[in-house]
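Colleague:
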Amino acid sequence: MNTRLVLALVVSGAVALTACGGGTTKDSAGQQTGGATNSAKADPNAPVKEGLKITFLPKQVNNPYFTVAQKGAEQAGTALKAEVKATGPSDAAASSQVTYINTAAQQQQNALVISANDANAVAPALKSARSQGLKVVTFDSDAAPDARDVFINQATSNEIAAGQVKLISEAIGGSGEIAILSATPNATNQNAWIEVMKTELAKPEYAGLKLVETAYGNDDDQTSFQKTQGLLQAHPNLKGIISPTTVGVAAAARYLSSSEYKGKVQLTGLGTPNQMRKFVQDGTVKSFALWDPSKLGYLATYTAAALASGQISGAEGEKYKAGELGDYTIGAKGEVVLGPPTVFTKDNIDKFDF
Ligand code: RAM
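In mature numbering (1 follows the signal peptide of the UniProt record, and there is no 0), the protein residues as written are -21 to -1, 1 to 333.
Following this line, the structure appears as structure tokens:
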């Protein structure tokens, strides 16, 4: 190896290390704040690079919610002239995404867009991918903040969780036992929402509601179905269930709709209108909520392209354009919020097709 080549390698290695710093910073409350140390200067006027390779990695592939999100990611890919490749595990288990992350790095993708099954289980692989030059955007369910550049949150946890408590309270007339049917025990997003639900339930206006159990259906249809049955058997006075997962709420609705509990035990949650329509029409469910997953996938992909093109670095206050969704600004802890969820009832559900 000649001296010039050695020097070039050393210099490029140093540049790579600087650019991919990936350190953490602390906010005033002492919490880790998001993304890289962002030492690289962002250029808001930098053009989006053509031909970017972006891997889209959902919690699981056989989940209609993520299929819709993937469509949005692919639409963004077409608009950006980027190559979006979707891949992922069939179950939402904690460690299931690690090999997919490693593969994306080996394949020298420019960016990875991921909904994390577990904030910490994926963190070492994400950090390693970033040190190899990939930009990491989490969406839907965050990873440890120092393992990604930006998190695209569907709505604030407060909006989502407080909304869920309000819907179940209205459905059961403000008093009675309730249960939560969640996804996996490690899901960052569901756990954040459950925390806020508990805070909400402690407020005087919800003094009549009593949370008796939180069960986990693991975002698996059959497990969620059986856990619904288990909740009803274990709690004969149960008046309502909140299932903040599209898989859980659809399975719970299916169980209730053909059981003696239909119309007696109320159900709300986060569901896709297409999965929930028949249960709203047959009276099993009065109302539920969700955002548009395709917009979430679209925004996450635009964000990945903005990062990989050097338009943004993930620092608070940076602004960028996300195609037809318009302008976004990176908030505290490297977080961007898509917008408030929609509440669906029999009066509006037919206007939505996802
Ligand atoms: C499931 C997943 C996803 C969540 C939605 C509401 O599809 O758990 O992470 O955001 O439900």
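Every residue gets a Cβ at the ideal spot worked out from N, C-alpha and C, and that includes glycine.
The structure displayed is predicted, hence computed values, not measured ones.
#1: Among Pro164, Gly209 and Val264, which has the Cα closest to the Cα of Ser74?
#2: Residues bridged to Gln254 by DSSP?
#3: By alpha-carbon positions, which one of Ala230, Ile157, Gly56 and Phe130 ends up nearest to Glu295?
#4: In this structure, does DSSP put Tyr307 in helix, strand or coil?
#5: Would you mind listing the beta strand (DSSP E) stretches within the stretch 169 to 219 that are 3+ residues and don't spill past its ends, in chain order?
#6: Give me, in chain order, the residues of the same chain whose beta-carbon lies closer than 8 Å to that of Lys330; leave out the 5 immediate sequence neighbours on both sides.
#7: Is Leu210 near ligand 1, with its Cβ less than 7 Å from a heavy atom?
#8: Could you have a look at Leu(-15) and say whether DSSP puts it in helix, strand or coil?
#9: Let's test the definition: count the other Cβ atoms within 10 Å of the Cβ of Glu303 and tell me whether it reaches 16, buried, or not, exposed.
#10: Considering only residues of the same chain and omitting the five flanking positions on each side of Phe333, which have a CB-CB separation below 8 Å?
#11: Skipping 5 residues on each side, what residues in its chain have a beta carbon closer than 8 Å to that of Val175?
#12: Please indicate yes or no: does the CB of Thr42 lie closer than 7 Å to some heavy atom of ligand 1?
#13: Mind checking whether Ala283 and Val77 have CB atoms under 8 Å apart?
#14: Let me check you understand the geometry: is the CB of Gln143 closer than 7 Å to at least one non-hydrogen atom of ligand 1?
#15: Measure the C-alpha to C-alpha separation of Ala230 and Gly196 and round it to an integer number of angstroms.
#16: Quickly, what does DSSP pair Gln245 with across the bridge? List them, please.
#17: Use the C-beta contact count for Ser18: other C-beta atoms within 10 angstroms, 16 or more gives buried, fewer gives exposed.
#18: Please report how far the alpha carbon of Thr117 lies from the alpha carbon of Ser237, in whole angstroms.
#19: Helix, strand or coil: how does DSSP classify Asn132 here?
#20: Of the residues Thr82, Phe323 and Ala162, which one's Cα is nearest the Cα of Leu269?
Modeller: A quick look at the data gives this:
#1: Taking only the C-alpha atoms, the option nearest Ser74 is Pro164.
#2: Under DSSP, Gln254 shares a beta bridge with no residue.
#3: With distances taken between Cα atoms, Glu295 lies closest to Phe130.
#4: Correct three-state label for Tyr307: strand.
#5: Listed in chain order, the beta strand (DSSP E) runs fully inside the stretch 169 to 219 are 188 to 195, counting runs of at least 3 residues.
#6: Non-local beta-carbon contacts of Lys330 in its own chain, meaning distances under 8 Å to residues more than five positions away in sequence, are absent.
#7: False, no ligand heavy atom lies under 7 Å from that Cβ.
#8: In this prediction, Leu(-15) has a pLDDT of 38, which is less than 50 and means its spatial position is unreliable; nothing more can be read from the coordinates.
#9: Per the 10 Å Cβ criterion, exposed.
#10: Excluding residues within five positions, the ones whose Cβ falls inside 8 Å are Val47, Thr251, Pro252, Asn253, Asp271, Pro272 and Ser273.
#11: Excluding sequence neighbours, Val175 sits near Ser136, Asn137, Ile139, Ala140 and Ala141.
#12: A small fix is needed here, since residue 42 is Asn in this sequence, not Thr. With a cut-off of 7 Å, the C-beta of Asn42 is classified as near ligand 1, since at least one heavy atom of the ligand falls inside that distance.
#13: Going by C-beta atoms, Ala283 is not nearer than 8 Å to Val77.
#14: For ligand 1, not one heavy atom lies less than 7 Å from the Cβ of Gln143.
#15: Straight-line Cα distance between these residues: approximately 9 Å.
#16: Gly219, per the DSSP bridge assignment.
#17: In this prediction, Ser18 has a pLDDT of 49, which is less than 50 and means its spatial position is unreliable; what the coordinates show is noted afterwards. Exposed: under 16 other Cβ atoms inside 10 Å.
#18: The straight-line gap from Cα to Cα measures roughly 38 Å.
#19: Note: Asn132 maps to strand in three-state DSSP.
#20: Closest option to Leu269, judged by alpha-carbon separation, among Thr82, Phe323 and Ala162: Phe323.
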